[in-house]
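For the sequence shown, the tail end lands on 608 under my numbering, and the numbers increase by one without skipping.
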Amino acid sequence: MVGLPYKMERRAVADFVDQVVLHIRAGDGGNGCASVHREKFKPLGGPDGGNGGRGGDVILEVDPNTATLLDYHRRPHRKADNGKQGQGSNREGANGADVVLPVPNGTVVKDAKTGEVLIDLVGMGTRYVIAQGGHGGLGNAALANSKRKAPGFALLGEPGDALDVMLELKSVADVALVGFPSAGKSSLIAALSAARPKIADYPFTTLIPNLGVVTAGETVFTVADVPGLIPGASQGKGLGHEFLRHVERCDMLVHVIDCATMEPGRDPITDYEVIEAELHAYGKLEDRPRMVVLNKADVPDARELADIVRADLQERGLKVFTVSAATHEGLRELTFAMGEWVAAARAARPVEEPTRLVLRPKQLGAATFAVRKVNDNLFQVTGEKPERWIRQTDFTNDEAVGYLADRLERLGVEEELVKAGATAGAEVVIGSMDDGYIFDWQPTLNAESINSGPRGTDNRLG
Ligand SMILES: Nc1nc2c(ncn2[C@@H]2O[C@H](COP(=O)(O)OP(=O)(O)OP(=O)(O)O)[C@@H](O)[C@H]2O)c(=O)[nH]1
Ligand SMILES: [Mg+2]
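Following this line, the structure appears as structure tokens:
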């Protein structure tokens, strides 16, 4: 008993996924290796630690065989491989493999936190590097130079990008089935495709569209069974706004009309006009082609009524099909008519942009770094380079820390800290205030004045 509502909910969601939050992580770069070449009779060979491999990227790719985001709903965590560590004898670590995630054409990618649109993926084969793998760390062989002949350290690999993105299907389906509640929209999609939506003889059985994949000869297309619309839907009645938003994201509309309804005030022509009036009032749907399906023809009175109204609808320029979702009568013709329609619309569509590879732009500051005085005793350094160098540093290795200090000094960070008013012992944060690296600053630039001390003696050599 307890399990039932959960199961129903799960089924509803699983049938239709047009939005999903994906947790993405690119691979970390492998660490560089610190190693010294060893050979008989040559005890002090040169450094030969290889570089770490690059972490794999996570790439989104528009794929013709992917129609929904269902896979990502089921498995929302995706990670590329890490790069391998470098090794002795100048062996480089292997690069981590990329992960390519296929998405339907017309997938909009947003930052899950800010909602900012990162990219609109259009055109088969378009690729977008959503998360870049971290660089591998340099091995000690690559860090050696004329002054530092045998570095006893290597650089760490950098972490890969990690982020949460929202994938959204701009277009839900090629065809939307629209009509009054209980007209037989879900029955129809069940008869046309492998979708198995809930069908029942009470209105608003469907609250979330069901998506079916339909095949007509060579043409494969998707049909969405939109929840029932009622008079006033365009004003939001009966969740009308929500449902019409789904209609808006389909390219063509098929009216499903219940010819067997006994409800007072209803008949096929009135139903058609009421739904049309709602679509019109909602707006934005004028350009969608329409056709009409007269359903429930297995009921004798319904078939009779269908025969009566057919000509009227045809005179309005509409293609009309008399069918029964129950007995499948007329469904073959309907399927092929929809398929032809979809194929023609696809052929008429302007050629989509050719395959392209897009890199997610990194936020590179114009200046190499910036120093900010937080208070007399606290300073913050931000910038792509210093922050990267921190990530590359093995703080358990004094030589590596010394190398970092040299790099920062050469970049001019020390000088800027002095200019900003920092004095020995001040706390300096490199990176963000929440998770940056903090250290007590001991300026090397001012070494002379500090070391000369109160006794006035130069103790640098002592
Ligand atoms: N006799 C007959 N009954 C049908 C036919 N198609 C659907 N029905 C019945 O009509 C009722 C409503 O069908 P649904 O497919 O749930 O209708 P719907 O349009 O999806 O309804 P909502 O989801 O409420 O908008 C069910 O009892 C179906 O069995 C048909 O071709 N013939
Ligand atoms: Mg339904």
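We put the beta carbon where it would ideally sit given N, CA and C, even for glycine. Just so it is clear, the structure is predicted and the values come from calculations on it, not from any experiment.
Listed in chain order, the non-local C-beta contacts of R449 below 8 Å within the same chain comprise C405, A443, T468, local neighbours out to five positions each way being set aside. With a cut-off of 6 Å, the C-beta of P349 is classified as near ligand 1, since at least one heavy atom of the ligand falls inside that distance. Of the heavy atoms belonging to ligand 1, none sits nearer than 6 Å to the Cβ of T481. Looking at A423, M398, R412, the one whose alpha-carbon comes closest to that of G386 is A423.
Taking K519 as the centre and dropping the five residues before and after it, the same chain places the C-beta of F525, A566, G567 closer than 7 Å to its C-beta, in chain order. Counting of Cβ neighbours within 10 angstroms places I454 among the exposed residues, the total staying below 16. H401 counts as buried, since at least 16 other C-beta atoms from the protein chains shown sit within 10 angstroms of its C-beta. With a threshold of 6 Å, the Cβ atom of T407 does not count as near ligand 2, since no heavy atom of the ligand is closer than that. The three-state secondary structure of P532, taken from DSSP, is helix. Note on geometry: alpha-carbon atoms of D164 and L390 lie some 15 Å from one another.
The stretch 225-290 is shown to contain whole beta strand (DSSP E) runs of 3 or more residues at 245-249, 253-257, 263-267, 273-277, in chain order. At the C-beta level, G303 and G279 stay beyond 7 Å of one another.
Look at A337 here: in three-state DSSP terms it is helix.
If you check the C-beta of I345 against ligand 1, you find a heavy atom less than 6 Å away. Residue burial is scored here from C-beta neighbours: I205 has at least 16 other C-beta atoms within 10 angstroms and is therefore classed as buried. Residue burial is scored here from C-beta neighbours: K225 has at least 16 other C-beta atoms within 10 angstroms and is therefore classed as buried. About 15 Å separates the Cβ atoms of T539 and G529, ruling out a contact at the 8 Å cut-off.
Taken in chain order, the complete alpha helix (DSSP H) segments of 4 or more residues contained in the stretch 168-220 are 216-220. Here M408 carries a coil assignment [DSSP, helix/strand/coil]. For P327, the distance from the CB to the nearest heavy atom of ligand 1 is below 6 Å.
In the assembly as shown, G261 is an exposed residue. Its beta-carbon has fewer than 16 other beta-carbons within 10 Å. Residue environment: S235 is assigned as exposed (fewer than 16 neighbouring CB atoms within 10 Å of its CB, all protein chains considered). Two segments are said to touch when three or more pairs of C-beta atoms, one from each, lie closer than 8 Å; by this definition the stretch 263-273 touches the stretch 206-213. Distance from the CA of M398 to the CA of Y418, rounded to the nearest whole angstrom, comes to 16 Å. Between the alpha carbons of I354 and P222 lies a distance of about 21 Å. Between V249 and F367, the CB-CB gap reaches or exceeds 7 Å.
Between the C-alpha atoms of T407 and P446 there is a straight-line separation of about 12 Å. Membership of F467 in the beta strand (DSSP E) is indicated by the continuous run 466-468. Residue burial annotation: Q231 is buried, with at least 16 other C-beta atoms found within 10 angstroms of its C-beta. Contact annotation, K259 with E314: C-beta distance approximately 15 Å; criterion of less than 8 Å not satisfied. In the structure shown, Q538 adopts coil according to DSSP, grouped into three states. At the C-beta level, R200 and N241 come within 7 Å of one another. Beta-carbon to beta-carbon, N523 and E573 are separated by about 6 Å, close enough to satisfy the 8 Å threshold. DSSP places G358 within a strand segment (E or B) once states are collapsed to three.
When C-beta atoms of the stretch 340-347 are compared with those of the stretch 210-220, fewer than three pairs fall below 8 Å, so the two segments do not count as touching.
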